[in-house]
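Below is one structure, written out as structure tokens; the observations come after it.
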Amino acid sequence: MSNALSTTTYNDTMRALTGNIESYIQSVNNFPVLSREDEHDLAVQLQQDNDLQAARKLILPHLRFVVYIARGYKGYGLPLADLIQEGNIGLMKAIKRFDPERGVRLVSFAVHWIRAEIHEYILRNWRIVKVATTKAQRKLFFNLRSAKNRLGWLNTEEVNTVARDLGVKPETVVEMESRLSGQDVGFDGYSDDDDDRDYMAPAAFLTHDSEDPAAAIERDDLSVQQNQSLHSAISALDARSQDILNARWLQEDKQTLHQLAAKYGISAERIRQLEKNAMNKLKQAMS
């Protein structure tokens, strides 16, 4: 993918995030899922011709997948729109490196790149995410740093004095003092294997879903496709077969073969045959 192509697709995708986040999510969920064959053909076009339209057609159906992953990182206090934006960058990096001849779906290949970009964004913001989140905490941030440099750890009387001078609660002073005293730690922990210091490195807090997001998205998409195929197959049946299936399987108060036989003026065995034929047609359409 050329630099011009990367820039164009990036700008088109990021522009959608400037509006309401819920509208964006609703919009990306409306893009139809690509079949394996369509995905392969588009990836080949992009790889061989740097086709801008092929890149766009690959990106848009996978934006919902980025949203799915980004939602797993909302607990860090970072805007969901920012997490999605970073994930979209990872998606585009994945598309740039995707080899359609390896027989792997893009959604499975891209999960590593999407997570990597989101992780990098979280790490860049790790120390500033929740240091000062309320008006009182922001007021304390600079004033308390100066007070601690003079006094060291504050005792109860000093805490009350600072709280009174700054017009905040003593509990807020204690909480901010603890935050300001925290030390940065390595993402993966200490490199010394003999170090037995007990702490939780940032890596321990990153989301780890029991189910791989790629598998979850593929499962949901398969369910949608199966439902669509089922509705199409039922619509292709004649009216009597549709009515028989509806009466026998879909209604809450299901009818018997004899009730349907009386309705259509034929034998119960004939109703059973019509039902069986209709079911076979549905199975063929779903296979």
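The sequence shown: position 46 = 46 (the numbering used here), numbered continuously. Where a beta carbon is used, it is the ideal one built from N, C-alpha and C, also for glycine.
Could you round the C-beta distance between residue i and residue j to whole angstroms and report it? I think they count as a contact, below 8 Å.
i: Ile59; j: Gly87; result: Incorrect: roughly 12 Å between the Cβ atoms, too far for contact.
Whose C-alpha, out of the options, is nearest the C-alpha of residue i?
i: Leu52; options: Tyr68, Met92, Glu22; result: Met92
i: Leu237; options: Gly167, Arg272, Asn277; result: Asn277
i: Ala261; options: Gln251, Phe31, Ala247, Asp253; result: Ala247
i: Val44; options: Ala70, Pro100, Ala94, Tyr73; result: Pro100
i: Thr26; options: Ser108, Leu63, Gly72, Glu120; result: Correcting the residue type first, residue 26 is Gln in the shown sequence and not Thr. It is Leu63.
i: Gln273; options: Leu46, Lys283, Leu257, Asn125; result: Leu257
i: Val296; options: Asn20, Leu34, Pro61, Leu42; result: For the chain, the structure presents residues 1 to 287; residue 296 sits outside this window and is missing.
i: Lys281; options: Leu245, Gly265, Lys263; result: Leu245
i: Met176; options: Val159, Asp165, Arg164; result: Val159
i: Ser229; options: Asp253, Gly265, Lys283; result: Lys283
i: Leu123; options: Tyr73, Val111, Ile266, Asp41; result: Tyr73
i: Leu46; options: Lys96, Arg102, Glu252, Tyr121; result: Lys96
i: Ala239; options: Tyr24, Glu275, Gln259; result: Glu275
i: Ser241; options: Phe98, Met279, Tyr24; result: Met279
Exposed or buried, which one is residue i when buried takes at least 16 other CB atoms within 10 Å?
i: Gly167; result: exposed
i: Ser287; result: exposed
i: Ser2; result: Residue confidence for Ser2 is low, a pLDDT of 46 falling below 50, so the modelled location carries little weight and cannot support an answer.
i: Leu83; result: buried
i: Gln226; result: exposed
i: Tyr264; result: exposed
i: Ala163; result: buried
i: Gln85; result: buried
i: Glu117; result: buried
i: Tyr199; result: With a pLDDT of 48 at Tyr199, under the threshold of 50, the predicted position of this residue should be treated as unreliable, and no value is reported.
i: Asp192; result: Note that Asp192 scores 47 on pLDDT, short of 50, meaning its location in the model is unreliable and no value can be drawn from it.
Can you grab the Cα-Cα spacing for the pair residue i / residue j, in whole Å?
i: Glu269; j: Asp243; result: 16 Å
i: Ile89; j: Phe65; result: 13 Å
i: Ile234; j: Arg36; result: 25 Å
i: Asp221; j: Glu22; result: 21 Å
i: Leu250; j: Asn30; result: 28 Å
i: Val67; j: Val104; result: 21 Å
i: Ala285; j: Val224; result: 15 Å
i: Gln255; j: Gln48; result: 59 Å
i: Ser108; j: Ala94; result: 10 Å
i: His119; j: Asn155; result: 38 Å
i: Glu39; j: Pro170; result: 59 Å
i: Val33; j: Lys57; result: 10 Å
i: Ala70; j: Thr161; result: 43 Å
i: Phe98; j: Ala81; result: 25 Å
i: Ile266; j: Ser232; result: 27 Å
i: Asp253; j: Tyr24; result: 42 Å
i: Asp41; j: Leu106; result: 12 Å
i: Ile271; j: Gln259; result: 10 Å
i: Glu157; j: Ser178; result: 17 Å
i: Val293; j: Asn125; result: Because the chain is modelled from 1 through 287, residue 293 falls outside the range shown and cannot be assessed.
i: Ala165; j: Val174; result: Correcting the residue identity first, residue 165 is Asp in this sequence and not Ala. Taking the straight line from one Cα to the other gives about 14 Å.
When every heavy atom of the ligand PLP is checked, does at least one fall within less than 7 Å of the C-beta of residue i?
i: Thr156; result: Ligands are entirely absent from the displayed structure, and the ligand PLP is therefore not among its contents.
Would you check if the stretch 40 to 57 and the stretch 68 to 78 touch, i.e. whether three or more CB-CB distances between them fall below 8 Å? no
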